Amino acid sequence: MPEASFMFDGTVAKIIKGIEYVRKHINPDFAITQFYLLMLVARNEGTAQRVLAERAKLPHGTVSRNLKQLGTYKVKTKDGKVETKGYNLIELRPDVFDRRITEVYLTQKGKKIVQGIVNAVNHHK
Numbered sequence: 010m011p012e013a014s015f016m017f018d019g020t021v022a023k024i025i026k027g028i029e030y031v032r033k034h035i036n037p038d039f040a041i042t043q044f045y046l047l048m049l050v051a052r053n054e055g056t057a058q059r060v061l062a063e064r065a066k067l068p069h070g071t072v073s074r075n076l077k078q079l080g081t082y083k084v085k086t087k088d089g090k091v092e093t094k095g096y097n098l099i100e101l102r103p104d105v106f107d108r109r110i111t112e113v114y115l116t117q118k119g120k121k122i123v124q125g126i127v128n129a130v131n132h133h134k
């Protein structure tokens, strides 16, 4: 039987508490993958999107799709209007030295949400 002691040291409970916080303050359908990527970005701000995918051990397409939702993007409605979608928690910026590389940063809103997650997890009983 694999070692599962991490489940009893509070790690899982803290992750659940963090996800609950985001689902309460951002969207009840906030995906676990999005939570994981948000936490990776918070810990590694300015990391290239490609490196983030490698660290997350997720396919680049999955990371790209989830980062799109974590950021902002435009869509055209049926009546031709343009709407901004997404959670506005991260922003993608081109690398200053190599514009082919996209770096990922938290927005101000993202920083507030991450701080809220940290507070919620630290006050977990």
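Each step along the sequence shown adds one to the number in the working numbering, with nothing skipped, and position 65 is 74.
The beta carbon of each residue, even a glycine, is placed where N, CA and C say it ideally should be.
Small disclaimer: the values here were computed from a predicted structure and weren't measured.
By DSSP, does residue i sit in helix, in strand, or in coil?
i: TYR114; result: strand
i: GLU92; result: strand
i: ILE122; result: helix
i: VAL31; result: helix
i: ARG108; result: coil
i: LYS87; result: coil
Which same chain residues end up closer than 7 Å to residue i when comparing Cβ atoms and leaving out the 5 residues on each side of it in sequence?
i: ALA129; result: LYS26, GLY27, TYR30
i: GLN43; result: ASN75, GLN78, LEU79
How would you label residue i, buried or exposed, when you count the other beta carbons within 10 angstroms and need 16 or more for buried?
i: ARG109; result: exposed
i: ILE126; result: buried
i: MET10; result: With a pLDDT of only 48 at MET10, under 50, the local geometry of the prediction cannot be trusted, and no value is derived from it.
i: VAL105; result: exposed
I'd like the list of long-range same chain contacts for residue i, defined as Cβ closer than 8 Å, with 5 residues on each side in sequence excluded.
i: ARG64; result: LEU49, ASN53, THR56
i: LYS83; result: VAL91, GLU92, THR93, LYS94
Tell me which same chain residues have a C-beta within less than 6 Å of the C-beta of residue i, skipping the five on either side of it?
i: THR81; result: THR93, GLY95, ASN97
i: VAL123; result: ALA51
Assuming contact is defined by CB atoms lying nearer than 8 Å, are residue i and residue j in contact in what I supplied?
i: VAL72; j: LEU46; result: yes
request  = Assess, as a yes-or-no matter, whether the region 93 to 110 is touched by the region 67 to 75 under the definition of 3 or more beta carbon pairs within less than 8 Å.
outcome  = With the cut-off at 8 Å, the region 67 to 75 and the region 93 to 110 do not touch.
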